[in-house]
Amino acid sequence: MMFLVLAVSASAQNANILLKDVDENLMPESYEANRRLINEEPDGSKKEFTFYTVKKGRDKIAMLYLLPASEKGRATLRLGENMWLYVPSAKKPIRITSLQSVVGGVFNNADIMQLEYSTEYEATYAEGTDKEYLLELKAKNKTVAYDKLKMWIAKDRKILRKVEAYSASGMLIKTLEFKGDKNFGGGISRPSVIETYSPLYKGYRSLMVYQSIKKRQFPDEVFTLNYMGRLGDLR
Amino acid sequence: MRHPRWFVFVVISALRSVLFGQEEGASEVPAEETKKLEWSGNLDVKYTLFHMDESSAAYVLQFPMSRPSSPFLSQYRFEPYLNAEYRVRDLGFSLSTHATYFSDAEASVDIFEAYGSFNPSFGTTLQAGKRVYNWGKGYAFNPVGFVNPVKDPENPELAQAGLLSANVEYVKSFSSGALQNMSLLLVVIPSSGSTDNRFGELKHTDLALKTSFLLWDTDIDFMGFYSIQKPRRVGMDIARNMSENVEVHGELTYSANVTRFTIANNSLVATTTNGVSYLLGLRYLHESNTTLIAEYFHNEFGLSASEFDAYTRFLGSGTQGNDPILMQHVASVHQTYFRGSNLMKDFVYLKLTKPEPFDWLYFTPSVFIIYSVADRSFLLSAAMIYKPVTNVEFILWPTLVSGGENTEYGSKAFRQRVEVWMRVFF
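Protein sequence lines correspond, in order, to chains A and B.
The end of the first sequence is residue 308 by the working numbering, with every number in the run present.
The end of the second sequence is residue 460 by the working numbering, with every number in the run present.
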């Protein structure tokens, strides 16, 4: 009995170590990135946004809208589970909820401003395949956007391939597929495209395309409400 | 001019960070030196139809000389907004302009913001010029907005004119512990020209101070406003996410030496008083992606139902008969002492927003109500925003008011209004 308890505990520990490796392979701890977000509608039309993103440590991320012009200057800041939206016309940051979508489409704020998975979830192993590990993730607290995740990880490079997000009731909310491996330089090699679709939004598809990712250190003060109107100064 | 000791302490603390520059331990990589000049802006073209209330005193005062022949009026105008940002290393310049054009004879240009900024260290900013401040956590109302432009709760996100001022701000983050970051903002507001519109008295310089904290995942601000001429105020606000779809916020302020204007025996009466105003608010996201914003605002210095009734009777007395001198007097009192769209004490604000309902792409309808608690009058409005093409918006915005003739919203000059906007961004 004791042996069984120890084995289960060791397995969970290994799963969380693997989850940390996945996080490290996905993004440097502190970086700046330029991304395009493309929302495809059921009628085939597209809406496109361009963001400049900066991240520091495990729980600080900020994002500035560069395009289109109607959204330019809007900014979002996430510190752990705290999230704010800065509206340039009102010159004011507004505290928002993590589930709220500020761009429409299938992605919500938590997807676009994703922190490390290991910060938000506890992992356990599930039955994978010859080529992929399968982890089951449970949210550490109720403020995390998705209660449960299933995560498929390529065994050779420990690179993320697919994530399914579930509600507390077990309903599939969305699927994220990680594609188009690309060498961004500076030792960063990872999928450059995240494709998202959801049974709740039939016919919709959202693509996040990483154009550049670069390791960079920032002062902590960048990740404050006071700096949201000045994020463009970092570019 | 004498200021209390705590103001002196705060000024010295702020200046210390400026003088000593970058904080110890901050070894981050600076941005590359690039000069950046960026232009942006939008053109709003607005067509409005009004169904006026010809029996209201506000309507009569709006058209004192020649009244329109019909209660149905229209208005056509355009408003260009042009913004520029220039940045090189630690120096910056911001300019925001706005113009309103009705006709060649009726047009105006405003400078909303024009200020220079300098960062002697990463966490410290000095700014001087004309700048917008937006204090408070409330969406529609901000009782702690001591230096804010007057907010229009019908359109809280509209750009507005700033305040001629100078400020120093210091921000500090902490990598561990309950306190994640804090900031200090001191605003100096020189006296506006009271003599010849160019000179102001030194002793009429005002000071405003705000300290902000992110403590235990909660936004907390404390603020104060010190003036010899104007009411002195202290206040605080707070905001916190209770769960992944619920946010709560509140504001509380104490004001001293506020001059309240009321009407008694058909005459203007001024009394000086102190009191507490507050706001309680909630933002809730339903699983249908519908957002509810709910706020309750108590303005201690607003008019009670009986005071508002006396005020509207005063307006009515000035518009009965055809005495142009009396009408001018009443209009002057109305415009000088009772400006603003919300004059009473207690309001409830509710707004529902649902992006892309029924799979209507690019379409975001919202409906909101501003309810005056004491007299049960209200303003009901529905803004329907359609964005068929990138950088173009169309807005259809009907509004109606309801209430008795001596109530906050029932006494408005119009009964219904429909606005159609086209907005083009660049």
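We put the beta carbon where it would ideally sit given N, CA and C, even for glycine.
| Query | Result |
| --- | --- |
| Under DSSP, the alpha helix (DSSP H) around R111/B begins and ends at which residues? | Here R111/B belongs to no alpha helix (DSSP H); instead the beta strand (DSSP E) covers 106 to 122. |
| Based on Cα-Cα distance, which residue from V184/B, A91/B, G444/B, F127/B lies nearest to K70/B? | F127/B |
| Give a yes or no on whether the minimum CB-CB distance between I169/A and chain B is below 8 Å. | yes |
| What in chain B is Cβ-close to S265/A, meaning under 8 Å? | Residues of chain B passing the Cβ test: none, with the nearest at roughly 23 Å. |
| I want to see whether chain A comes within less than 8 Å of D380/B, judged by CB atoms only; does it? | no |
| Between which two residues does the beta strand (DSSP E) holding Q450/B run? | 448 to 459 |
| Pair every Cβ in the segment 106 to 120 of chain A with every Cβ in the segment 142 to 158 of chain A, then say whether three or more of these pairs are closer than 8 Å. | no |
| Residues of chain A with a CB under 7 Å from the CB of K385/B: which are they? | What K385/B touches in chain A: nothing, since even the nearest Cβ is about 13 Å away. |
| Give a yes or no on contact between the segment 292 to 301 of chain B and the segment 191 to 207 of chain B, applying the rule of three or more CB pairs nearer than 8 Å. | no |
| Is N117/B closer than 8 Å to S74/B when the C-beta atoms are compared? | yes |
| Using a Cβ-Cβ distance cut-off of 8 Å, determine whether K238/A contacts chain B. | First, the residue type needs correcting, since residue 238/A is Ala and not Lys in the sequence shown. No, because no Cβ of chain B sits closer than 8 Å to the Cβ of A238/A. |
| With a Cβ-Cβ cutoff of 8 Å, do K213/A and E189/A count as a contact? | no |
| Quick check on DSSP: helix, strand or coil for Y345/B? | helix |
| What does the alpha-carbon distance come out to for the pair I297/B and T324/B? | 43 Å |
| Report the rounded CA-to-CA distance for Y81/B versus F372/B, giving the unit in angstroms. | 27 Å |
| Go through its chain and collect everything with a Cβ distance to R151/A's Cβ below 6 Å, but skip five positions before and after it. | I134, M186 |
| Would you tell me roughly how many angstroms separate the C-alpha atoms of E281/B and E321/B, rounded to the nearest one? | 15 Å |
| Which residue from P399/B, G355/B, H368/B, L286/B puts its Cα closest to that of W169/B? | L286/B |
| Let me check understanding here. Comparing Cα to Cα, which of G260/A, G253/A, L207/A lies closest to I236/A? | The sequence as given places Val at residue 236/A; Ile does not occur at that position. Residue L207/A is the option with its Cα nearest to V236/A. |
| Listing by chain order, which chain A residues have their CB less than 8 Å from the CB of G258/B? | Result: empty, since nearest Cβ-Cβ is about 18 Å, beyond 8 Å. |
| Select from the segment 125 to 144 of chain B all residues with a C-beta closer than 9 Å to any C-beta belonging to chain A, and list them in chain order. | G126 |
| Tell me the DSSP bridge mates of H238/B? | Partner(s): none; H238/B has no beta bridge. |
| Can you tell me where the alpha helix (DSSP H) with H363/B in it begins and where it stops? | 358 to 371 |
| For G258/B and L243/B, which I take to be in contact (beta-carbon distance under 8 Å), what is that distance rounded to the nearest angstrom? | 5 Å |
| Excluding the five sequence neighbours on either side, which residues of its own chain have a C-beta within less than 6 Å of the C-beta of L83/B, listed in chain order? | S108, V452 |
| Going along chain A, which residues have a C-beta under 7 Å from Q214/B? | L152 |
| Is it true that the CB of E205/A sits closer than 8 Å to the CB of K228/A? | yes |
| Where K221/A and E154/A are concerned, what is the direct C-alpha to C-alpha distance, given to the nearest angstrom? | 16 Å |
| Answer yes if the segment 437 to 447 of chain B comes into contact with the segment 334 to 343 of chain B, meaning at least three C-beta pairs across the two stretches below 8 Å, and no otherwise. | yes |
| Closer than 8 Å by beta-carbon distance: list the chain A residues that pair up with G157/B, in chain order. | P292, E294 |
| Please determine, among H283/B, P98/B, H85/B, the residue with the shortest C-alpha to C-alpha distance to Q362/B. | P98/B |
| In terms of residues, what are the limits of the beta strand (DSSP E) holding T287/B? | 280 to 298 |
| For the beta strand (DSSP E) that S191/A lies in, which residues bound it at each end? | Per DSSP, S191/A belongs to no beta strand (DSSP E); it is in the alpha helix (DSSP H), 190 to 193. |
| Please look up how many angstroms separate the CB atoms of F175/B and P187/B, rounded, as I've assumed it's under 8 Å. | 6 Å |
| Does the beta-carbon distance from N279/B to T269/A come in below 8 Å? | no |
| Is the shortest distance between the beta-carbon of Q450/B and the beta-carbons of chain A less than 8 Å? | no |
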